[in-house]
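Undergrad: In my numbering, the protein residues as written are 19 to 410. Where a beta carbon is used, it is the ideal one built from N, C-alpha and C, also for glycine. A quick note: this is a predicted structure, and the numbers were derived from the prediction, not measured. Could you have a look at this structure, given as structure tokens, before my questions?
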């Protein structure tokens, strides 16, 4: 008999026209056991491998495995199409799926289709390969071996989606490009290449407001979660777009201003990546010179190995004011741009951040801060002579 097993998404079996939800039939533990045996169909799975994969913490894994096999066989006998068939066989060193059953799996079909795509680079072959991926590998089950395979197939799918998206752009198949990018970004939402292709397809199809909105959302999410911005080639899309003379590229001022404004971002200091921080600093230098005032650059730095950057970022966010800006510049440093009246106030900010971190997070850590005026007499003198200061 032929048995089609699907590992992407939920674990299911297809026998002829009948689809069986194995996770519902077997439950999580037995599904994990059957999945491991079926993933290795055509081979014997040793008892030791089953112990290591499924019963690491058991005091008596041999009895646990024996009882689980007994329950698994009884559960499979409840399926009418499997009655009279010993699906799981016992062999000398372990267990295996009955050799008389022809097992077809979606992950093997996916692998074969993906390999075929590498040879043909044909759009129809890309579509065929992507159709097999119906969700993360056994996404409802939790075993270490499953995590490893899940990561492997997700990477394979995302790589396939990247190549397919670029192929679609080259062929001007924009609807397909948007569809595959949107699908793959559900599994890898920080993928630079997919974000680029998605925005490029929106711009090429003159969906400018949607492109701007998605660019803004993706950029904020990257800054917030990873502390980095979008890749240069994605940013360059908007440099080209904004300088275009095409009348159709115009956007409405209300839509544009709505994309710029986000009330959630106005409830505390601004966190951004280094490139944005540098541009803000350049602007603030000009403002300071023109208005004859100053701002302070504050460095907060771990000086020993006990460090928790996420906790430090949270403390900085709680301490600074709404018109302050900060960024993470290394694995141990944060740079802060502060609006303060005098140097003594800057020292207070630095001491406040460090003392709050010690009090709330870790007294064993060692932090220090350094302070620098954003402008100085030489800079003002150079400006008055007509030079333009740019942060390198």
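Taking the Cβ atom as the reference point for each residue, do residue 255 and residue 214 lie within a distance shorter than 9 Å?
TA: Looking up residue 255 in the chain shown gives position 237. Looking up residue 214 in the chain shown gives position 196. Contact flag set, yes.
Undergrad: If the criterion is Cβ atoms closer than 9 Å, does the pair residue 141 and residue 185 meet it?
TA: Position 123 of the chain shown, counted from the start, is the residue given in the question as residue 141. Position 167 of the chain shown, counted from the start, is the residue given in the question as residue 185. Yes, these two residues count as a Cβ contact at 9 Å.
Undergrad: Spatial neighbours of residue 370 within its chain, please: CB distance less than 6 Å, with the 5 preceding and 5 following residues excluded, ordered by chain position.
TA: Stepping through the chain shown from its first residue, residue 370 is reached at position 352. Around residue 370: 337.
Undergrad: By a C-beta neighbour count over all protein chains shown, 10 Å radius and 16 as the cutoff for buried, is residue 229 buried or exposed?
TA: Here residue 229 refers to the residue found at position 211 of the chain shown. Under this definition residue 229 is a buried residue.
Undergrad: For residue 164, I'd like the list of residues in its chain whose CB is within less than 8 Å of its CB, leaving aside the five on either flank, ordered along the chain.
TA: Here residue 164 refers to the residue found at position 146 when the chain shown is read from its first residue. These residues qualify, in order along the chain: 50, 53, 155 and 156.
Undergrad: With 9 Å as the threshold, decide whether the Cβ of residue 146 is near any Cβ in chain C.
TA: The structure shown contains no chain C, having only a single protein chain.
Undergrad: When the Cβ atoms of the stretch 310–321 are set against those of the stretch 345–363, are three or more pairs found closer than 8 Å?
TA: Segments in contact, yes.
Undergrad: With distances taken from CA atoms, which of 108, 293 and 89 is nearest residue 248?
TA: Counted from its first residue, the chain shown places residue 248 at position 230. The shortest C-alpha separation from residue 248 is found at 293.
Undergrad: Could you spell out the range, first to last residue, of the beta strand (DSSP E) harbouring residue 197?
TA: On the chain shown, position 179 is the one that residue 197 refers to. Here residue 197 belongs to no beta strand (DSSP E); instead the alpha helix (DSSP H) covers 192–203.
Undergrad: Any idea which residues DSSP pairs residue 351 with across the strands?
TA: In the chain shown, the residue the question calls residue 351 occupies position 333. Answer is 319, bridged to residue 351.
Undergrad: Given a threshold of 16 other Cβ atoms within 10 Å of its Cβ, counted over all protein chains shown, does residue 342 qualify as buried or as exposed?
TA: The count along the chain shown starts at 1 and reaches residue 342 at position 324. Buried is the call here.
Undergrad: How many angstroms separate the CA atom of residue 58 from the CA atom of residue 206?
TA: The count along the chain shown starts at 1 and reaches residue 58 at position 40. The count along the chain shown starts at 1 and reaches residue 206 at position 188. For residue 58 and residue 206, the distance between alpha carbons rounds to 28 Å.
Undergrad: Taking only runs of the beta strand (DSSP E) that begin and end inside the stretch 68–135, which ones reach a length of at least 3 residues, in chain order?
TA: Counting only runs of 3 or more, we get 106–108, 112–115 and 120–123.
Undergrad: How do the stretch 88–100 and the stretch 31–48 stand: do at least 3 beta-carbon pairs fall below 8 Å, yes or no?
TA: Counting Cβ pairs under 8 Å, three or more are found: they touch.
Undergrad: In chain order, which continuous runs of the alpha helix (DSSP H) of length 4 or greater are located wholly inside the stretch 23–66?
TA: For the stretch 23–66, whole alpha helix (DSSP H) runs of length 4 or above, ordered along the chain, are 40–57.
Undergrad: Taking the Cβ atom as the reference point for each residue, do residue 28 and residue 153 lie within a distance shorter than 9 Å?
TA: What you label residue 28 is simply residue 10 of the chain shown in a count that begins at 1. What you label residue 153 is simply residue 135 of the chain shown in a count that begins at 1. Yes; because the gap between Cβ atoms is below 9 Å, this pair is in contact.
Undergrad: Spatial neighbours of residue 262 within its chain, please: C-beta separation below 7 Å, excluding the five flanking residues on both sides.
TA: Mapped onto the chain shown, residue 262 falls at position 244. Low per-residue confidence applies at residue 262: pLDDT is 49, beneath 50, and the placement is therefore not dependable enough to give any value.
Undergrad: Is residue 393 helix, strand or coil by DSSP?
TA: On the chain shown, position 375 is the one that residue 393 refers to. Residue 393: coil per DSSP, three-state reduction.
Undergrad: Would residue 178 and residue 132 be called neighbours here (beta carbons separated by less than 9 Å)?
TA: Here residue 178 corresponds to residue number 160 of the chain shown, with the count starting at 1. Here residue 132 corresponds to residue number 114 of the chain shown, with the count starting at 1. Closer than 9 Å, so yes.
Undergrad: Consult DSSP for residue 386 and reduce its assignment to one of helix, strand or coil.
TA: Counting from one through the chain shown, the residue named residue 386 turns up at place 368. It is a strand residue.
Undergrad: Rounding to the nearest angstrom, what Cα-Cα distance links residue 286 and residue 357 in this structure?
TA: Residue numbering aside, residue 286 sits at position 268 when the chain shown is read from its first letter. Residue numbering aside, residue 357 sits at position 339 when the chain shown is read from its first letter. Distance between the alpha carbons of residue 286 and residue 357: 14 Å.
Undergrad: Should the stretch 106–117 be called in touch with the stretch 60–70, which here means at least 3 C-beta pairs below 8 Å?
TA: Short answer: they touch.
Undergrad: Given this structure, state the Cα-to-Cα distance separating residue 128 from residue 210, to the nearest angstrom.
TA: As a first step, residue 128 must be located in the chain shown, where it is residue number 110. As a first step, residue 210 must be located in the chain shown, where it is residue number 192. Using only the alpha carbons, I get a separation of about 24 Å.
Undergrad: Do residue 183 and residue 232 have their CB atoms nearer than 9 Å?
TA: Within the chain shown, residue 183 is the residue found at index 165, counting from 1. Within the chain shown, residue 232 is the residue found at index 214, counting from 1. Not a contact, by the Cβ cut-off of 9 Å.
Undergrad: Rounding to the nearest angstrom, what Cα-Cα distance links residue 291 and residue 307 in this structure?
TA: In the chain shown, residue 291 corresponds to position 273, counting from 1. In the chain shown, residue 307 corresponds to position 289, counting from 1. Rounded to whole angstroms, residue 291 to residue 307 spans 24 Å at the Cα level.
Undergrad: By how many angstroms is the C-alpha of residue 21 removed from the C-alpha of residue 144?
TA: What you label residue 144 is simply residue 126 of the chain shown in a count that begins at 1. What you label residue 21 is simply residue 3 of the chain shown in a count that begins at 1. Roughly 25 Å between the two C-alpha positions.
Undergrad: Could you name the residues that DSSP lists as bridge partners for residue 345?
TA: Along the chain shown, read from residue 1 onward, the residue named residue 345 stands at position 327. Note: residue 345 sits in a beta bridge opposite 353.
Undergrad: Spatial neighbours of residue 135 within its chain, please: CB distance less than 6 Å, with the 5 preceding and 5 following residues excluded, ordered by chain position.
TA: The residue you call residue 135 lines up with position 117 of the chain shown. Cβ within range, chain order: 143, 144 and 147.
Undergrad: Can you give me the start and stop residues for the alpha helix (DSSP H) that residue 374 sits inside?
TA: Locating residue 374 in the chain shown gives position 356, where the first residue counts as 1. Note, residue 374: alpha helix (DSSP H), 361–378.
Undergrad: Determine whether the beta carbon atoms of residue 121 and residue 23 lie at a separation below 9 Å.
TA: On the chain shown, position 103 is the one that residue 121 refers to. On the chain shown, position 5 is the one that residue 23 refers to. In this structure, residue 23 lies closer than 9 Å to residue 121 by Cβ.
Undergrad: So, is residue 295 buried or exposed, given that buried needs 16 or more other C-beta atoms within 10 angstroms?
TA: Along the chain shown, read from residue 1 onward, the residue named residue 295 stands at position 277. With 16 or more Cβ atoms within 10 Å of its Cβ, residue 295 is classed as buried.
Undergrad: Could you pull out every residue in the same chain whose Cβ sits closer than 8 Å to the Cβ of residue 90, ignoring the five residues on either side in sequence?
TA: Position 72 of the chain shown, counted from the start, is the residue given in the question as residue 90. Within the same chain, residue 90 has close Cβ partners 44, 48, 51, 52 and 106.
Undergrad: With distance defined between alpha-carbon atoms, name the residue in 366, 55, 328 and 324 nearest to residue 380.
TA: Within the chain shown, numbered from 1, the residue matching residue 380 stands at position 362. Ranking the options by Cα distance to residue 380, first place goes to 324.
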